[in-house]
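Visitor: Residue numbering for the sequence shown follows numbering that gives the first Met the number 0, beginning at 0 and increasing consecutively.
My questions all concern the structure below.
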Amino acid sequence: MPRMTLRNILLHPDPRLKKACEPVAEVNAKIRDLANDMLETMYDAPGVGLAGPQVGVLKRIFVIDCAEKDAAPDPMILINPEITWVSEELNTYDEGCLSIPEIYEPVTRPEMVRMSYLDADGKLHEDEFEALHATAVQHELDHLDGILFIDYISKMKREMITNKMKKLKKELARG
Ligand SMILES: [Zn+2]
Numbered sequence: 000m001p002r003m004t005l006r007n008i009l010l011h012p013d014p015r016l017k018k019a020c021e022p023v024a025e026v027n028a029k030i031r032d033l034a035n036d037m038l039e040t041m042y043d044a045p046g047v048g049l050a051g052p053q054v055g056v057l058k059r060i061f062v063i064d065c066a067e068k069d070a071a072p073d074p075m076i077l078i079n080p081e082i083t084w085v086s087e088e089l090n091t092y093d094e095g096c097l098s099i100p101e102i103y104e105p106v107t108r109p110e111m112v113r114m115s116y117l118d119a120d121g122k123l124h125e126d127e128f129e130a131l132h133a134t135a136v137q138h139e140l141d142h143l144d145g146i147l148f149i150d151y152i153s154k155m156k157r158e159m160i161t162n163k164m165k166k167l168k169k170e171l172a173r174g
């Protein structure tokens, strides 16, 4: 049983959420610890995905678990992920984000994507993701390039959400 620590989730707006992340140079024990912490933090939140920059680590790694509510957990660790194919068909989901709590907005993305990535053992995979899984991996990959789901909605809505988040962060800082 790996030892896990909950990490602090950064809230928007934060400059670290707007940066392009560095590839993981080597999949070692430190990266595996980070991935396990990220899974633990994601389940605790709870959420279906969490990317490195959301816990202040500007590396190309994210975790997801899109299992149905009553199904067995299906944790996935994706390191240095790259999209290798997208479908022409699109899909719209109400997306949310652990860094922008309680905000949900519809975002349209390819319905299916193929993504290559390294797993926690450094083994190369190429998997096809569809429906909710496809949305999740695209949302998380965006985080590694400093893109948030609210970057796809209107500027006016985005500014309203950002102002709301600034207020929330002030309240949280006051305690
Ligand atoms: Zn997110």
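Virtual Cβ for every residue (Gly too), placed ideally from N, Cα, C.
Given the structure is predicted, the values throughout are model-derived calculations rather than measurements.
1. Rounded to whole angstroms, what is the Cα-Cα separation between L5 and D36?
2. Output yes or no for whether 7 Å exceeds the beta carbon distance between L117 and L123.
3. Whose C-alpha, out of A28, V54 and N27, is nearest the C-alpha of E39?
4. Run through the DSSP bridge pairs and tell me what G48 is partnered with.
5. Starting from Y116, follow the alpha helix (DSSP H) in both directions and report where the run begins and ends.
6. Give the range of the beta strand (DSSP E) segment to which T91 is assigned.
7. Tell me which same chain residues have a C-beta within less than 8 Å of the C-beta of L9, skipping the five on either side of it?
8. May I ask you to verify whether the stretch 99 to 115 touches the stretch 76 to 83, counting CB pairs closer than 8 Å and requiring at least 3?
9. Please report how far the alpha carbon of I76 lies from the alpha carbon of G48, in whole angstroms.
10. Within 10 angstroms of the Cβ of D120, are there 16 or more other Cβ atoms? Answer buried if so, exposed if not.
11. Can you look up H11 in the DSSP assignment and give me helix, strand or coil?
12. Between which two residues does the alpha helix (DSSP H) containing N177 stretch?
13. Hey, G174 and A19 are a contact pair by Cβ (cut 8 Å); roughly how many whole angstroms apart?
Guide: From the atom records:
1. If I take the Cα positions, the gap works out to 6 Å.
2. L123 sits close to L117, with the two beta carbons spaced by under 7 Å.
3. When only C-alpha atoms are compared, the closest one is V54.
4. Per DSSP, I63.
5. Premise fails: Y116 lies in the beta strand (DSSP E), M111 to L117, not in any alpha helix (DSSP H).
6. L89 to C96 is the extent of the beta strand (DSSP E) around T91.
7. The beta carbon of L9 lies closer than 8 Å to those of R15, L16, P52, Q53, V54, G55 and S98 in the same chain, with the five residues before and after it left out.
8. A contact exists between the stretch 99 to 115 and the stretch 76 to 83.
9. Straight-line Cα distance between these residues: approximately 10 Å.
10. D120 comes out exposed.
11. Here H11 sits in coil by DSSP.
12. Because the chain spans 0 through 174 in this model, residue 177 falls outside it and cannot be assessed.
13. Not a contact, Cβ separation roughly 33 Å.
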